[in-house]
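Before any comments, here is the structure.
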Amino acid sequence: MAYTADKRMELCNTAMALAEQNLFGTSNDGLCIQCGSIQGGCEPDARKHKCEDCNEYAVYGAEEAVMVLGLC
Ligand SMILES: [Zn+2]
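First residue of the sequence shown? That's 1 in my numbering, and the numbers climb one at a time after it.
What follows is the structure in structure tokens.
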């Protein structure tokens, strides 16, 4: 996977924000690290779930996404 620095930063910020929300139990969203789409009803430790937008198996639970993206 190759991202531009901007894209990676954007995904990372989204993942961090989602992880924070999930921590407070207000949502349970995952993030597609291919297209950046937010997918609801995703377990926090989900990995490689199918994205409903781009059909790639690239949806990760928020905290997993933060880790996979290598942190900001
Ligand atoms: Zn996607």
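By construction, the Cβ of each residue, glycine as well, lies at the ideal position given by its N, Cα and C atoms. Just so you know, these numbers come straight off a predicted model, no measurement behind them.
Exercise for the section: Return yes when at least one heavy atom of ligand 1 lies under 7 Å from the C-beta of E56, else no. Expected result: yes
Problem - Bridge partner(s) assigned by DSSP for L31 - result: I38 and Y60
Practice task
Confirm the yes/no value for this check: CB of S27, any heavy atom of ligand 1, distance under 7 Å.
Solution key: no
Handout entry: Three-state secondary structure assigned by DSSP to K50
Key = strand
Handout entry: N- and C-terminal bounds of the alpha helix (DSSP H) containing T4
Key = Premise fails: T4 is in no alpha helix (DSSP H) and is neither H nor E.
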